[in-house]
Every structure is written in C-alpha cells, then in structure tokens.
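Reading through the structure tokens given below for one structure.
Residue numbers (my numbering): 2 to 117.
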C-alpha cells in the first residue's frame, strides 16, 4: 500500500509534453539552436589571455560557473604542448601558471587534452 503512495508521488506526467503541437516543439528547438553563449567577462578574458599566451591552444574555453562572481571556473585547454606529458603534469602546468588567480577562487574544474 505504501509503495503505491510513494510511487504515485514521484511520478511525473508526460501528457502536457505529448499534447504540445509539433510546430511548437520545432520552434523551441530552433530557438535553442540559434542561442549563443554570453560574451566573456573581463576576468574570464584575462584568464583566457594568460592561457592562450602560454599554451597556444587549438581549443581553449574559460567559463565562470559561479554565477558571475568569479569564484569558480571551468577551463578546457587543448594544446600540442601537452604531447608526451601525463595528465597530472598537464594540470600542474596550468595550476602553476594560474596560481596567483587560483588563490582567489573557490574551485576549478580543469580539463586538459593533447591537440590532434
């Protein structure tokens, strides 16, 4: 008896989604496809420039994931300079380069890759 009550409370109805007209769903998808990321803030740009100068990356992404207060960043660096270097050492290189900035942060999500 209690299982039925619990499962009924957790169930989510898909009926409203299924009742949506096809053109509404298509329009929503089209809007999402044309939406763009907001431009980098000044501090994000500063970090981007530091990394770009040192690593000449093929792909570099710097994003403030703290809601705009600059305390948490997600960074992806894809560079040929990482070739032959273990990932832990790649991360150490980035951390050393950004050590003065990192002191001010709450956290860092770092991803490094060897550019192909």
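Positions of the beta carbon are idealized from the N, C-alpha and C atoms, including for glycine.
Whole angstroms are fine: how far does the CA of residue j sit from the CA of residue i?
| i | j | result |
| --- | --- | --- |
| residue 115 | residue 91 | 9 Å |
| residue 71 | residue 85 | 32 Å |
| residue 48 | residue 59 | 16 Å |
| residue 104 | residue 117 | 32 Å |
| residue 78 | residue 40 | 18 Å |
| residue 89 | residue 56 | 16 Å |
| residue 102 | residue 87 | 24 Å |
When we look at the beta-carbon of residue i and count the other beta-carbons within 10 Å, is it buried (16 or more) or exposed?
| i | result |
| --- | --- |
| residue 80 | buried |
| residue 66 | exposed |
| residue 113 | buried |
Could you please give me the residues that DSSP links to residue i through a beta bridge?
| i | result |
| --- | --- |
| residue 65 | 74 |
| residue 113 | 78 |
| residue 194 | The shown model of the chain, from 2 to 117, leaves out residue 194, and the question about it has no answer. |
| residue 108 | 73 |
CB-CB under 6 Å to residue i, same chain, minus the five flanking residues each way: which ones, in chain order?
| i | result |
| --- | --- |
| residue 73 | 66, 67, 107 and 108 |
| residue 44 | 71 |
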